[in-house]
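Per this note's numbering, residue 71 is the first one in the sequence shown, and the count goes up by one each step.
Everything below concerns the one structure shown next.
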Amino acid sequence: MAEPGSVPVIGIIGGSGIYEIDGLKNAEWRKMTSSFGEPSDALLFGELDGQRLVFLPRHGRGHKLSPSDLNFRANIDAMKRAGVTEILSLSAVGSLREDLPPGHFVLVDQFIDRTFARQKSFFGPGMVAHVSVADPVCGRLGDHLAAAAGELSLPCRRGGTYMVMEGPQFSTRAESELYRSWGCDVIGMTNMPEAKLAREAEICYATVAMVTDYDCWHEGHDDVTVDQVVQTLLGNADKARALIKQVVPKLSGRRDICDRGCHRALDAAVITQAGARDPVVMARLDAVAGRVLGG
Ligand SMILES: CSC[C@H]1O[C@H](OP(=O)(O)O)[C@H](O)[C@@H]1O
Ligand SMILES: Nc1ncnc2[nH]cnc12
């Protein structure tokens, strides 16, 4: 595990259609253990332009895991144990707006979490903590991603709200219209609790949401299907790889902790008093919260 103030180690979580990253130097898949169970797959360690990178295919290679079956806690805990200090999440999403057509990228800055069948916190009985997720995405990573996307002239919008549904079925038309009426911009099934857990683990987190379809609300387009998502993703995945290559040198320069507070998210979060803490629960939190709990 690296101290958060030390040099960056960039974690990339690849979503649907992105199951590996090519062009890494000294690339090696390593199975990681986590005190929260099994991560989705082994982690791919490597270097890009001298920068350490750790890649995890969110659904496992071959796309074996559905969103509700993902062990989000193990994934983030394994990344923390691998020394990751910032996470870039690459995700396929449906569009809830006419002006976000398939092929566009959105650097989302807000989420509405409507998931209900997932473990959402590393903390719990014997060790209670409440972190702020008012700004769930690291604005510093967002700045760098926006700059990189601009340099590549990618169709990319800065800011937007990602509606996180449980799935695995896509939405009904009424649900899709409801989320549109709430002002949501894109919809997917995976970024929560991932973003909340990254915050608890004091890892910067940002999402590149890649639009693959118009969900089912758009009268001029067919209702979303997996075939349609995969077809669009083949194009999006190349753009995503280019974006990663462009942004990595910008992230490599950090020599201090994140100026947006991500690396100190637990400073004012733990409420359980020292004498009331469960030592077994504390032991599980050695990677995620060792900085504030000691040990
Ligand atoms: C294959 S379409 C539905 C699937 O794609 C998205 O996953 P990810 O964010 O990992 O790219 C969506 O959330 C669903 O899990
Ligand atoms: N329309 C959609 N709804 C939920 N998740 C998605 N992932 C890609 N497209 C999606």
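Beta carbons: idealized from backbone N, C-alpha and C, even for Gly.
| query | ligand 2: which residues have Cβ under 7 Å from any of its heavy atoms, chain order? | reply | Ser86, Ala162, Val163, Gly164, Met235, Gly237, Phe240, Ser241, Ile257, Gly258, Met259, Thr282, Asp283, Asp285, Val294 and Val299
| task | Within the same chain, show all residues whose beta-carbon is closer than 6 Å to that of phenylalanine 106, passing over the 5 residues directly before and after it, in chain order. | result | Arg143, Ala144 and Asp147
| message | Considering only the alpha carbon of each residue, which of Arg122, Met197 and Pro137 lies closest to threonine 342? | response | Met197
| query | Where DSSP assigns a beta bridge to aspartate 183, which residues make up the other side? | reply | Val234
| message | Determine whether the beta carbon atoms of leucine 177 and leucine 215 lie at a separation below 9 Å. | response | yes
| Any chance the stretch 147–163 sits against the stretch 274–293, with 3 or more Cβ pairs inside 8 Å? | yes
| Quick one: is the Cβ of histidine 129 within less than 8 Å of any heavy atom of ligand 1? | yes
| request: Name the residue from Ala97, Phe175 and Ala359 whose alpha carbon lies nearest to the alpha carbon of alanine 268. | output: Ala359
| Sorry if obvious, but does the Cβ on leucine 160 come closer than 8 Å to a heavy atom of ligand 1? | yes
| query | Taking C-beta to C-beta, are serine 136 and proline 263 nearer than 9 Å? | reply | no
| said: Do glycine 81 and threonine 260 count as a contact pair if the criterion is CB distance below 9 Å? | reply: no
| Is it the case that the Cβ atoms of serine 246 and cysteine 286 are separated by a distance below 9 Å? | yes
| request: Taking all protein chains shown into account, decide if glutamate 270 is buried (16 or more other Cβ within 10 angstroms of its Cβ) or exposed. | output: buried
| request: Enumerate in chain order the residues of its own chain whose CB-to-CB distance from glutamine 298 is below 6 Å, with the five nearest sequence positions on each side excluded. | output: Asp283
| Contact between the stretch 302–321 and the stretch 86–96 (3+ Cβ pairs under 8 Å) | yes
| said: Going by C-alpha to C-alpha distance, which of Met102, Ser138 and Gly364 sits closest to methionine 235? | reply: Ser138
| If you count every other CB in all the chains shown that lies within 10 Å of the CB of glutamate 221, and 16 or more means buried, which is it? | exposed
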